[in-house]
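Chemist: Below you will find the structure I want to go over with you.
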Amino acid sequence: MNNTDEYIDSPNESDDSFELSSDGKISQTFDQQQNSLFKKSCHRNYHQTSSNRLHRRMKTWTPEEDESLINAITKYGSHNWSKIAEIVGNGRDRSQCLQRWSRGLNPKILKTKWSPEEDAKLLELVRKYGEKCWMKISIDIGTRCDSQCRYRYSKLYNEKQVETIKSVAPVKLPPISSFFQLIEIS
Numbered sequence: 001m002n003n004t005d006e007y008i009d010s011p012n013e014s015d016d017s018f019e020l021s022s023d024g025k026i027s028q029t030f031d032q033q034q035n036s037l038f039k040k041s042c043h044r045n046y047h048q049t050s051s052n053r054l055h056r057r058m059k060t061w062t063p064e065e066d067e068s069l070i071n072a073i074t075k076y077g078s079h080n081w082s083k084i085a086e087i088v089g090n091g092r093d094r095s096q097c098l099q100r101w102s103r104g105l106n107p108k109i110l111k112t113k114w115s116p117e118e119d120a121k122l123l124e125l126v127r128k129y130g131e132k133c134w135m136k137i138s139i140d141i142g143t144r145c146d147s148q149c150r151y152r153y154s155k156l157y158n159e160k161q162v163e164t165i166k167s168v169a170p171v172k173l174p175p176i177s178s179f180f181q182l183i184e185i186s
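For the sequence shown, full-length UniProt numbering assigns the number 1 to the initial residue and increments by one for each residue that follows.
Here's what the structure looks like:
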C-alpha cells in the first residue's frame, strides 16, 4: 500500500459525522460527502493513470505482431477487437490493434498525396460532422484513416488562414510623428 492508499483508507473523523436531515433520516453532511467523493475520485484517478502508464507504453510493433494481427483480422474480421487483441498477445489491447490496423496495415488506406477531389470531400464532411468526428469522416472517405483526415484538414485550414491574411489589404498607418502631434494637441 502506498501513501495515497493509506491516506484514502485512513479513518477520518469527518467521514463518520452524521446529522439528522429534515426528513428525519440520518445522513452525512454535504461537505463530508463531497470530501469522501473527492478522495475516492483522487484514488481512482491515481490508480487508473499509473496503471495506464505502465500498461499503455508505446512499443513499436514487430513484424511478427503485424503478421499475427493480419491473420487474426482475416480469420475474425475487423469487428471483434478484444478477440483479435487476445490472439495478437504481447500485452496489446483492442485499441492498439484497431489503431495499428486502421492507421498502418489496412491495404485500403492510401499513403499517397491527397487529390483535389479528396480535399473537397474532406471539407464537405467536416462541414457535415464537425471538427471532432474524424473516425466518421475517415469511414465516409474510405481511403484515409482518421489521423490522416485530421492532419490534412489542419493543413488546409492553416493554408486558408494564410491566404486570407495575405488577401486582406494591409492597413496603412500614419507616420508615428503625427501620433505625437495628436498627443501634444490634447
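Don't be surprised by glycine CBs; every beta carbon is placed ideally from N, CA and C.
Computed from a predicted structure; not experimentally measured.
Flag this pair as touching only if the stretch 140 to 148 and the stretch 99 to 108 have three or more C-beta atom pairs under 8 Å; answer yes or no.
Modeler: Taking 8 Å as the limit for Cβ pairs, the verdict is that the stretch 99 to 108 does touch the stretch 140 to 148.
Chemist: Do LEU122 and LEU69 have their C-beta atoms closer together than 8 Å?
Modeler: Contact flag unset, no.
Chemist: What span of residues does the alpha helix (DSSP H) with LYS128 cover, start to end?
Modeler: Residues 116 to 129.
Chemist: Let me make sure I understand the geometry here. Which of SER95, ARG152, GLU118 and GLN161 has the alpha-carbon closest to that of ASP140?
Modeler: Ranking SER95, ARG152, GLU118 and GLN161 by Cα distance to ASP140 puts GLU118 first.
Chemist: Start and end of the alpha helix (DSSP H) containing TRP134?
Modeler: That run of the alpha helix (DSSP H) goes 134 to 141.
Chemist: Can you tell me which of ASN158, SER95 and TYR151 puts its alpha carbon nearest to the alpha carbon of SER78?
Modeler: Residue SER95 is the option with its Cα nearest to SER78.
Chemist: Do you know how far the Cα of ALA85 is from the Cα of LYS59?
Modeler: Whole-angstrom Cα-Cα distance: 15 Å.
Chemist: Can you check whether the CB of ILE137 is closer than 8 Å to the CB of LEU125?
Modeler: A contact, by the Cβ cut-off of 8 Å.
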